Each structure stands twice: as C-alpha cells, then as structure tokens.
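Take a look at the structure below.
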Amino acid sequence: MNDTSPTFSKVKARHILVADETLCNELKAQINHFEDFDRLARESSTCPSAKVGGDLGIFGRGVMVPEFDEVVFSAPLNEVQGPIKTQFGYHLIWITNRK
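Each residue of the sequence shown is one higher than the one before, counting from 40 in the numbering used here.
What follows is the structure, given as structure tokens:
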C-alpha cells in the first residue's frame with residue numbers, strides 16, 4: 040500500500056477539558072462556531088489554557104498524550120473533535136492548523 044497522505048510535524052489546536060463525559064457532550068452540542076468554542080473554553084475548561092480560550096499554541100508530535108496526538112494529527116481541521124478520553128479527563132479539540 041502506498042500512503043501518499045502528508046506527514047505533519049506541528050499542529051495548532053485549542054481544547055476544552057472537563058472531568059465528566061456527559062458535560063463534554065453537552066458542551067459539544069452548544070458549539071456552532073469558533074466563537075462558541077472560545078467562550079465555552081473560557082467558561083468551562085479546567086485546563087489553565089481556559090483563560091486564552093483553550094489555545095494550546097503550536098506543538099509537535101509526542102508533546103501531548105497519545106490519545107490527544109492521534110486526533111490532532113489526523114482529524115479534519117476546523118471541526119470539533121471529541122469527547123476524547125485521556126488520563127486528564129474528557130477533551131473537545133479544535134484543530135486550526137498543521138504544518
């Protein structure tokens with residue numbers, strides 16, 4: 040099999056982290072636009088990145104836990120992904136760029 044898909048080494052993403060899967064699904068249902076994601080991250084995320092709308096900046100492979108990396112390096116851009124369960128809780132992820 041010849042895989043010609045691009046290999047990205049960096050990604051820019053935002054996330055919302057909560058302890059409860061039900062809450063994570065409820066938040067996801069409220070997101071229709073990027074502005075909703077930013078607002079809900081500020082209001083609901085338990086991560087310190089909440090104060091900047093969940094912005095994690097640009098990071099490389101292996102910086103985040105494997106479950107998180109798998110999503111940010113493969114899922115479509117500018118769509119809400121999740122809930123993604125990690126050791127920290129449940130994440131909603133918005134991938135804004137890859138390079």
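Each residue gets a CB set at the ideal place from its N, CA and C atoms; glycine is no exception.
None of the values given here were measured: they were computed from a predicted structure.
- [ ] Would you mind sorting residue 80 into buried or exposed? The rule is 16 or more other CB atoms within 10 Å of its CB.
- [x] Taking the first residue of the sequence shown as 1, we reach residue 80 at position 41. Under this definition residue 80 is a buried residue.
Task: Span of the alpha helix (DSSP H), counted from its first residue to its last, around residue 61 - done: Here residue 61 is taken as the residue at index 22 of the sequence shown, counted from 1. Per DSSP, the unbroken alpha helix (DSSP H) holding residue 61 starts and ends at 60–68.
Open item on the list: Buried or exposed for residue 120, going by 16 or more other Cβ atoms inside 10 Å?
Closed with: Walking along the sequence shown from the start, residue 120 turns up at place 81. Residue 120 is buried by the Cβ-count criterion.
Open item on the list: Suppose contacts are defined by Cβ-Cβ distances below 9 Å. Is residue 92 in contact with residue 137 by that definition?
Closed with: Working through the sequence shown from its first residue, we reach residue 92 at position 53. Working through the sequence shown from its first residue, we reach residue 137 at position 98. Here residue 92 is not near residue 137, since their CB atoms are 9 Å or more apart.
Open item on the list: Quick check: the Cα distance between residue 114 and residue 59, rounded to an integer number of angstroms?
Closed with: By one-based count along the sequence shown, residue 114 stands at place 75. By one-based count along the sequence shown, residue 59 stands at place 20. When rounded, the distance between both Cα atoms is 22 Å.
TODO: With residue 50 as the anchor, note down where its beta strand (DSSP E) starts and where it stops.
DONE: Your numbering for residue 50 matches position 11 in the sequence shown. Note, residue 50: beta strand (DSSP E), 49–57.
Task: Cut-off 8 Å between Cβ atoms - residues of its own chain near residue 48, not counting five sequence neighbours on either side - done: Your numbering for residue 48 matches position 9 in the sequence shown. Same-chain partners within the cutoff: 99, 100 and 138.
TODO: Can you have a look at residue 105 and say buried or exposed, based on whether 16 or more other CB atoms are within 10 angstroms of its CB?
DONE: Walking along the sequence shown from the start, residue 105 turns up at place 66. Residue 105 is exposed by the Cβ-count criterion.
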